[in-house]
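The sequence shown begins at 1177 in the numbering used here and counts up by one.
Where a beta carbon is used, it is the ideal one built from N, C-alpha and C, also for glycine.
No experiment lies behind these values; they were computed from the predicted model shown.
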Amino acid sequence: MVAMALAGFVAIGLLIAAQDNPKKREFKDRADMQGTIVCIGCALEKGEGADAQCTLHAKHAQGFLMTDGTLWTFVDNARGHAVIANDKLRGKEVGIFGWKYSKSQYIEIWKYRIKEGEKWVAYDYCKLCGFEPGDLKDKELCEDCAGEK
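Here is the structure:
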């Protein structure tokens, strides 16, 4: 009986420890997702009848409406904030390359591309310039900032 209780405590301890140390995201875990940049509040109001009041509180914070109809929120870090707050992206068809956190319906953006006419324009992130057209090949600085030009 004591052995069973001890085994139970050990199992609970391992479970708690596993929850305290989540697996860190890795580059290989990134996914390519298609959809449209939308105002989260407006999309909830139109699609679900929510009293979003996005002009009053969220200031039309943007999210991602995937082609399957699911609505996702962006992780509000340096890369995500640049998309959340850029109203020029609203309504645009985009491809997001980043990490998908399915349990919480969040996407962490690494880079994105916008459909302009028949072509896709890639945007990558320089930690000094922000998002710029082009592909930095997973580096953190553009050529100008890295002094390569």
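- Could I get the ranges of all uninterrupted alpha helix (DSSP H) runs contained in the segment 1239-1290, with 4 residues as the minimum, in chain order? The qualifying runs are 1254-1260.
- Item | Which residues DSSP lists as bridging residue 1210, in chain order | The residue given as residue 1210 occupies position 34 in the sequence shown. In the DSSP assignment, residue 1210 is bridged to 1271.
- Message: Short of 7 Å in beta carbon distance, which residues of its chain neighbour residue 1297, apart from the five on each side in sequence? Order them along the chain.
- Response: Here residue 1297 refers to the residue found at position 121 of the sequence shown. Taken in chain order, the residues that qualify are 1289, 1290, 1309.
- Message: Looking only at its chain, what residues have a beta carbon closer than 7 Å to the beta carbon of residue 1205, apart from the 5 residues adjacent to it on each side?
- Response: By one-based count along the sequence shown, residue 1205 stands at place 29. 1275, listed in sequence order.
- Have a look at residue 1315 and residue 1323 and give me their C-alpha separation to the nearest angstrom. Locating residue 1315 in the sequence shown gives position 139, counting from the first residue. Locating residue 1323 in the sequence shown gives position 147, counting from the first residue. Here the alpha carbons of residue 1323 and residue 1315 stand approximately 13 Å from one another.
- Burial state of residue 1304 (16 or more Cβ within 10 Å): One-based indexing of the sequence shown puts residue 1304 at position 128. Its Cβ having fewer than 16 others within 10 Å, residue 1304 is exposed.
- Query: So, are the CB atoms of residue 1248 and residue 1239 less than 9 Å apart?
  - Reply: For the purposes of this step, residue 1248 is identified with residue 72 of the sequence shown, where counting begins at 1. For the purposes of this step, residue 1239 is identified with residue 63 of the sequence shown, where counting begins at 1. Yes. Within cutoff.
- Message: Since residue 1270 and residue 1213 should fall inside the 8 Å C-beta cutoff, what is the C-beta to C-beta distance between them, to a whole number of angstroms?
- Response: Counting from one through the sequence shown, the residue named residue 1270 turns up at place 94. Counting from one through the sequence shown, the residue named residue 1213 turns up at place 37. Residue 1213 and residue 1270 do touch by the CB rule: their CB atoms are close to 6 Å apart, below 8 Å.
- Task: Let me know if residue 1300 comes out buried or exposed under the rule of 16 or more other beta-carbons within 10 Å of its beta-carbon.
- Result: What you label residue 1300 is simply residue 124 of the sequence shown in a count that begins at 1. Buried is the call here.
- Task: Name the residue from 1250, 1220, 1287 whose alpha carbon lies nearest to the alpha carbon of residue 1280.
- Result: The residue given as residue 1280 occupies position 104 in the sequence shown. Considering only alpha carbons, the answer is 1250.
- Query: Got a sec, what are the start and stop residues for the beta strand (DSSP E) residue 1308 sits in?
  - Reply: What you label residue 1308 is simply residue 132 of the sequence shown in a count that begins at 1. In the DSSP annotation of this structure, the continuous segment of the beta strand (DSSP E) that includes residue 1308 starts and ends at 1306-1309.
- Item | Whole-number beta carbon distance between residue 1208 and residue 1273, since they are thought to touch under 8 Å | Start at 1 with the first residue of the sequence shown, and residue 1273 comes out as number 97. Start at 1 with the first residue of the sequence shown, and residue 1208 comes out as number 32. Rounded to the nearest angstrom, the Cβ distance from residue 1273 to residue 1208 is 5 Å, consistent with a contact under 8 Å.
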